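So that you can map any letter, position 98 of the sequence shown is 395 in this note's numbering, and since no number is skipped, the others follow by simple counting. All C-beta atoms in this analysis are idealised placements derived from N, C-alpha and C, irrespective of residue type, glycine included. As the structure is a prediction and not an experimental result, all values here were calculated from the model.
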Amino acid sequence: LVDDTRIQASDGTLKGTMYITYPEASSEFQKRYMQRYGEAAGVAADTAYDVVHLYAKAMERSKTTDPQVVAQAMHDLRVTGASGEIVFDVHGGVVREPIVQVVD
298 LVDDTRIQAS DGTLKGTMYI TYPEASSEFQ KRYMQRYGEA AGVAADTAYD
348 VVHLYAKAME RSKTTDPQVV AQAMHDLRVT GASGEIVFDV HGGVVREPIV
398 QVVD
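Pasting the structure below:
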């Protein structure tokens, strides 16, 4: 994963590198994270947060902890989390528009 910290630490060695990223976490999530932990949220903090909440919501809805039943319940959910809208495709992948960036 590439973020500003890694780019700065690379001391120019990543210049010209292309990478894929996704839209930033919601400003509300970033603000609450900073207030709680005293530092900026890491590159995947919003996604990790969303996964935990999505899994909990799917368990609640399916009334079980059976992984296959919970997975199906997750696929049936459509929620907006800290990382944006979460929708699954028929293969179980999250549908999300990536952003291609080049390190300057």
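Along the region 331-362, the beta strand (DSSP E) does not occur as any fully enclosed run of 3 or more residues.
By the criterion of a C-beta distance shorter than 7 Å, A379 is surrounded in its chain by A322, S323, F326, D343, Y346 and D347, once the five residues flanking it on both sides are discounted.
Between K354 and L374 a beta carbon distance of about 6 Å is seen, short of the 8 Å cut, so the two are scored as contacting. Three or more Cβ pairs drawn from the region 379-391 and the region 312-322 lie within less than 8 Å of each other, which places the two stretches in contact.
The beta carbon of D300 lies closer than 6 Å to those of V340 in the same chain, with the five residues before and after it left out.
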